[in-house]
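Colleague: If you scroll down you'll find the structure; I have some questions about it.
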Amino acid sequence: MNIARLIHPGFWFDKTPLEQALALAKRGVGGFCIYGGTREKITEFTKAVRQVSPLENLLISADYEDGLGRWLPDAPLLPSNMALGAANDENLAYEKGLLTAHQARSLGVDWVFAPVLDLADNALNPIVNTRAFSNDPQQVIRLGRAFLRGLNDGGVLSSIKHCPGHGDTTTDSHVSLPVLHKTKSQLLARELVPFSALLDATDSVMFGHLLIPEIDAENPASLSPKIVKEIVRGQFRYDGCILTDALLMKAIGDEKTAALKALQAGADILLVPQNPSELLTFLEETKISPEIISRALRHQDVLCKKIQTRPAMTSPVLWHTDFPRRTAQKAIVKRGDLSSFKPGQTVSYIVVGDDGKTSVTPLLNTLKKNGVNVIPFTERAENLLIICLRRYQAFAGKIALEENDIVRLKKAVENAENCVSVLLASPWALPKELKIKTSLYTFSPAPEFQETAAEILLGQRTAQGSLPVTL
79 MNIARLIHPG FWFDKTPLEQ ALALAKRGVG GFCIYGGTRE KITEFTKAVR QVSPLENLLI
139 SADYEDGLGR WLPDAPLLPS NMALGAANDE NLAYEKGLLT AHQARSLGVD WVFAPVLDLA
199 DNALNPIVNT RAFSNDPQQV IRLGRAFLRG LNDGGVLSSI KHCPGHGDTT TDSHVSLPVL
259 HKTKSQLLAR ELVPFSALLD ATDSVMFGHL LIPEIDAENP ASLSPKIVKE IVRGQFRYDG
319 CILTDALLMK AIGDEKTAAL KALQAGADIL LVPQNPSELL TFLEETKISP EIISRALRHQ
379 DVLCKKIQTR PAMTSPVLWH TDFPRRTAQK AIVKRGDLSS FKPGQTVSYI VVGDDGKTSV
439 TPLLNTLKKN GVNVIPFTER AENLLIICLR RYQAFAGKIA LEENDIVRLK KAVENAENCV
499 SVLLASPWAL PKELKIKTSL YTFSPAPEFQ ETAAEILLGQ RTAQGSLPVT L
């Protein structure tokens, strides 16, 4: 039995040496989870590792939750799940899954770790946020099922995550171990509702690294037999593939110990370890129950057979579509009365929560093209446009605005007569004490969402979305 198949290492383009990946592929690892790259580089990589692997099917996976644009500079950024929640349209959720699948599959990626089924329950959660559809379990189920159908029809594997529910925490598990104080009955009544409902529609389940002491005070959910084995495999009778979240995350402690615990708890795949070669050698030298290995290989064999039976692609892949724009037109939410910007009017703007990667040019340019004089805020303004870019970011550890941004904001608001805010990602990002009367929520910084927000500010379009969360 090839125990190497239980390990699926990560590969970071322009960081991980290709020789390292090729060596692991030759040793028989079950697949790779890729990060970054371009369409050309990904295609080359998937071909290269498959050529040297002894496996008939080497599974290539990726976290393409918002399409490939979250990781690739030459791919479009699709609407966030929360934008889909605001649009509340199952057809759009299906279309997102289908587009994602077609684009991923064309590059040799056959497993997309999505959708996120965590509930958007906590404003201070630094890592879920707009990745969640909603804080309503039933809405999450409807949109999640439609998204899963899209992935399936597009020919890729899926994975619901992060079981048993990472939404109501305030810690990023990339940094340290989140603690969720919920009883089993509370989880069954809320966090676990989407997961239990969609087990029949998914190809796999990813478990999160979070501690639920009322159920298991010792082990994170991803390593807990009381959660994985007793609840999901036992009570829910799930006999499909289970994988851990990335083992390199700081929440789980010693990697080798965690790997053994995860397998014993019921996991089939050890995802993205920090030191995959060392972990593989350790597992080869460790006495692991044949039943555990057999179960894991059986579940991976099922995934490989599914890939072989998915429908062939018969038409060119769409890389540029009007899908993001159509979604934006249904998703953007307005709160408060809006006095439209007029041609010839001067509007001062201030940007907060800048991640250094996202441009607000699409929003500003649309206003300028319609005759609005848009200038950076200096000391005073008759009309102030606040543009907030704050969004979740792995390893950041928090999502609240930095103190210097808050100071700048308060000063700007105090010295402006009319204030309008546009939140391009997290709907909770602006401090409530600012009491801004008019806000637009786009839930996505994609250019199409920025342009549509500008059209709403100009009175050319009305906001049609409904808040999928509680502010």
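Start counting the sequence shown at 79; every next residue gets the next number (the working numbering). Backbone N, C-alpha and C define an ideal beta-carbon position, used for all residues, glycine too.
With DSSP as the reference, please indicate the residues paired to residue 244 in a beta bridge.
Modeller: Per DSSP, none; premise fails for residue 244.
Colleague: First and last residue of the alpha helix (DSSP H) that includes residue 527?
Modeller: For residue 527, the enclosing alpha helix (DSSP H) begins and ends at 525 to 535.
Colleague: At what residue ranges does the region 143 to 168 contain a whole run of the alpha helix (DSSP H), taking only runs of 4 or more?
Modeller: Listed in chain order, the complete alpha helix (DSSP H) runs (minimum 4 residues) inside the region 143 to 168 are 159 to 165.
Colleague: For residue 110, report the span of its beta strand (DSSP E) as first-last.
Modeller: 109 to 113
Colleague: For the region 459 to 468 and the region 489 to 506, state whether three or more C-beta atom pairs, one from each stretch, are separated by less than 8 Å.
Modeller: yes
Colleague: Using CA atoms only, rank isn't needed, just tell me which of 141, 110, 300 is closest to residue 135.
Modeller: 110
Colleague: List the whole-angstrom C-beta distance separating residue 300 from residue 340, where the pair is believed to meet the contact cut-off of C-beta under 8 Å.
Modeller: Contact check for residue 300 and residue 340: beta-carbon distance about 6 Å, within the 8 Å limit, so the pair qualifies.
Colleague: Between the region 325 to 335 and the region 348 to 368, can you find at least three pairs of beta-carbon atoms closer than 8 Å?
Modeller: yes
Colleague: Going by the beta-carbon positions, is the gap between residue 405 and residue 150 smaller than 8 Å?
Modeller: Between residue 405 and residue 150, the C-beta spacing is not below 8 Å.
Colleague: Between residue 275 and residue 236, which are expected to be in contact by the criterion C-beta below 8 Å, what is the C-beta distance as a whole number of angstroms?
Modeller: With 8 Å as the limit, residue 275 and residue 236 do not qualify as a contact, their Cβ atoms being about 14 Å apart.
Colleague: Would residue 395 and residue 319 qualify as a contact pair, given that the criterion is a beta-carbon distance under 8 Å?
Modeller: Contact annotation: residue 395 and residue 319 have beta-carbon atoms that are not nearer than 8 Å.
Colleague: I'd like the list of long-range same chain contacts for residue 456, defined as Cβ closer than 8 Å, with 5 residues on each side in sequence excluded.
Modeller: 426
Colleague: Just to confirm the assignment, what range does the alpha helix (DSSP H) spanning residue 370 have?
Modeller: Annotation for residue 370: the continuous alpha helix (DSSP H) segment containing it runs 368 to 387.
Colleague: Any contact between the region 161 to 175 and the region 536 to 548? By contact I mean 3 or more CB pairs, one from each, below 8 Å.
Modeller: The region 161 to 175 is in contact with the region 536 to 548.
Colleague: Going by DSSP, what residues sit across from residue 519 in a beta bridge?
Modeller: In the DSSP assignment, the residues bridged to residue 519 are 411, 501.
Colleague: Going by other Cβ atoms of all chains shown within 10 Å of its Cβ, with 16 needed for buried, is residue 181 buried or exposed?
Modeller: buried
Colleague: In the region 413 to 500, which residue ranges form an unbroken alpha helix (DSSP H) of at least 4 residues, counting only runs that do not cross its ends?
Modeller: 439 to 447, 481 to 492
Colleague: So, using beta-carbon positions, are residue 536 and residue 419 closer together than 8 Å?
Modeller: yes
Colleague: Between the C-alpha atoms of residue 527 and residue 94, what's the straight-line distance to the nearest angstrom?
Modeller: One Cα belongs to residue 527, the other to residue 94, and the distance between them is close to 34 Å.
Colleague: Suppose only complete runs of 4+ residues qualify. What are the alpha helix (DSSP H) ranges in the region 183 to 211, listed by chain order?
Modeller: none
Colleague: Of the choices 177, 453, 383, whose alpha-carbon is the least far from that of residue 154?
Modeller: 177
Colleague: Cutting at 6 Å between CB atoms, please list the residues of its own chain near residue 269, excluding the five before and the five after it.
Modeller: So the list reads 242, 243, once near-sequence residues are dropped.
Colleague: Please list the terminal residues of the continuous beta strand (DSSP E) segment that includes residue 106.
Modeller: Counting along the chain, no beta strand (DSSP E) covers residue 106, and no H or E run does either.
Colleague: Assuming residue 224 and residue 168 are in contact, meaning their beta carbons sit under 8 Å apart, how far apart are those beta carbons, in whole angstroms?
Modeller: 4 Å
Colleague: Span of the beta strand (DSSP E) holding residue 322?
Modeller: 319 to 322
Colleague: Between which two residues does the beta strand (DSSP E) containing residue 554 stretch?
Modeller: Any property of residue 554 remains undetermined from this structure, which presents the chain solely from 79 to 549.
Colleague: Which value, in whole angstroms, describes the spacing of the CA atoms of residue 403 and residue 357?
Modeller: 45 Å
Colleague: When burial is assigned at 16 or more other CB atoms within 10 Å of the CB, is residue 378 buried or exposed?
Modeller: With 16 or more other CB atoms across the displayed protein chains lying within 10 angstroms of its CB, residue 378 is buried.
Colleague: Mark residue 82 as exposed unless 16 or more other C-beta atoms lie within 10 angstroms of its C-beta, in which case mark it buried.
Modeller: buried
Colleague: Compare the beta carbon distance of residue 285 and residue 240 with 8 Å and say whether it is the shorter of the two.
Modeller: Cβ distance < 8 Å, so residue 285 and residue 240 count as in contact.
Colleague: What number of angstroms, rounded off, separates the C-alpha of residue 103 from the C-alpha of residue 128?
Modeller: 8 Å
Colleague: What is the rounded straight-line gap between the Cα of residue 516 and the Cα of residue 115?
Modeller: 39 Å
Colleague: Output yes or no for whether 8 Å exceeds the beta carbon distance between residue 105 and residue 185.
Modeller: no
Colleague: Spatial neighbours of residue 298 within its chain, please: CB distance less than 7 Å, with the 5 preceding and 5 following residues excluded, ordered by chain position.
Modeller: Closer than 7 Å at the Cβ level, and outside the excluded window around residue 298, lie 255, 287, 288, 289, 329, 330.
Colleague: Do you know offhand how far residue 490's Cα is from residue 257's?
Modeller: 37 Å
Colleague: Identify, in the order they occur along the chain, each residue of the same chain with its Cβ nearer than 7 Å to the Cβ of residue 121, setting aside the five sequence neighbours on each side.
Modeller: Residues 185, 186 of the same chain have their beta carbon placed closer than 7 Å to that of residue 121, with the five preceding and five following residues left out of the count.
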